[in-house]
Amino acid sequence: SQKIEQNSEALNIQEGKTATLTCNYTNYSPAYLQWYRQDPGRGPVFLLLIRENEKEKRKERLKVTFDTTLKQSLFHITASQPADSATYLCAEYNQGGKLIFGQGTELSVKP
Amino acid sequence: DAGVIQSPRHEVTEMGQEVTLRCKPISGHDYLFWYRQTMMRGLELLIYFNNNVPIDDSGMPEDRFSAKMPNASFSTLKIQPSEPRDSAVYFCASSSSGSYNEQFFGPGTRLTVL
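Chains as they are written, first to last, in the numbering used here: chain W, 54 to 164; chain G, 8 to 121.
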């Protein structure tokens, strides 16, 4: 069955740097991938969606790429700020009509 | 819109008791999802509904769990009897068809079974 894998180790970076988070999938290429942000004690919040036929998607300081050859999506936050500290989840929309979430990667941006 | 509303926000109960979690989706959304989140297993889909009809309940752990959606604005997830391993945060989410399943999550219910 399809698996969505994210780096379970927390990512610590300095304010102003670019944060890059990785999402790998194991089998078939999903129709699209979504990225969510989750703050402690809250539900996930949708950030971006990228379709299989799209290489890159941008929204303000956020950028998502989708490489079907590498079976990987990268999520970038440029000019990171302490307020960007959170857990980021990727999710794939599978053929059954539901989202399968990765474990999430915790990002910590230090001032 | 107030977003997805869940109640209660916190629930502490004893093993063997019945627990009912409630959800009000965003008005106009035709999909409703119930998830469970734990440190060990992450965010797992339990069941989802489309137009109030259960579509996929393959994620429901066992017969102790049941979910209903009697109308478009209300759903319940019931655990009977509850066990300590059911302790988790339970999220409800809703979405509308045609939105590529961008889901809007509620604040969650933190369940502790002693």
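The beta-carbon is built from N, C-alpha and C at its ideal position, and this holds for glycine as well.
Nothing here was measured: the structure is a model prediction, and the numbers come from that model.
{"query": "Asp120 (chain W) in three-state terms, based on DSSP", "result": "strand"}
{"query": "The region 10–20 of chain G / the region 74–92 of chain W touching (three or more Cβ pairs under 8 Å)", "result": "no"}
{"query": "For Leu28 (chain G), the first and last residue of its enclosing beta strand (DSSP E)", "result": "26–31"}
{"query": "Cβ of Lys151 (chain W) within 8 Å of any chain G Cβ", "result": "yes"}
{"query": "Continuous beta strand (DSSP E) stretch holding Asn106 (chain W): start and end", "result": "Segment: none, Asn106 (chain W) is in no beta strand (DSSP E) and carries neither H nor E."}
{"query": "Counted within 10 angstroms of its Cβ, other Cβ atoms place Gln24 (chain G) as buried (16 or more) or exposed", "result": "exposed"}
{"query": "Cβ of Pro97 (chain W) within 8 Å of any chain G Cβ", "result": "yes"}
{"query": "Partners in chain G for Gln55 (chain W), counting only beta-carbon separations shorter than 8 Å", "result": "Under the 8 Å cutoff, chain G gives no residues; its nearest Cβ is about 13 Å from Gln55 (chain W)."}
{"query": "C-alpha distance - Ala72 (chain W) paired with Gln59 (chain W), whole-angstrom precision", "result": "14 Å"}
{"query": "Residue-level contact to chain W via CB, Asp37 (chain G), 8 Å cutoff", "result": "no"}
{"query": "Bridge-paired residues (DSSP) for Val11 (chain G)", "result": "Per DSSP, none; premise fails for Val11 (chain G)."}
{"query": "Test: Pro61 (chain G) CB closer than 8 Å to a CB of chain W", "result": "no"}
{"query": "Contact check, Gln87 (chain W) vs Leu152 (chain W), beta carbons under 8 Å", "result": "yes"}
{"query": "Asp112 (chain G) at chain W interface by Cβ criterion, 8 Å", "result": "Here residue 112 (chain G) turns out to be Phe, not Asp, going by the sequence shown. Yes - at least one Cβ of chain W is within 8 Å of the one on Phe112 (chain G)."}
{"query": "Cβ distance (whole Å) where Ala79 (chain G) is taken to contact Pro61 (chain G) below 8 Å", "result": "With a Cβ gap of about 14 Å, Ala79 (chain G) and Pro61 (chain G) do not count as contacting."}
{"query": "Outcome for Arg92 (chain G) when other beta-carbon atoms lying within 10 angstroms are tallied against a minimum of 16", "result": "exposed"}
{"query": "Ala95 (chain G) - DSSP class collapsed to helix/strand/coil", "result": "strand"}
{"query": "Closest Cα partner of Ala139 (chain W) within the set W:Lys70, W:Pro83, W:Lys56, W:Arg95", "result": "W:Arg95"}
{"query": "Cβ-based contacts, 8 Å cut-off: residues of the region 62–91 of chain G near chain W", "result": "Ile62, Asp63"}
{"query": "Segments of 3+ residues assigned as beta strand (DSSP E) that fall wholly inside the region 28–74 of chain G", "result": "38–45, 49–57, 60–63"}
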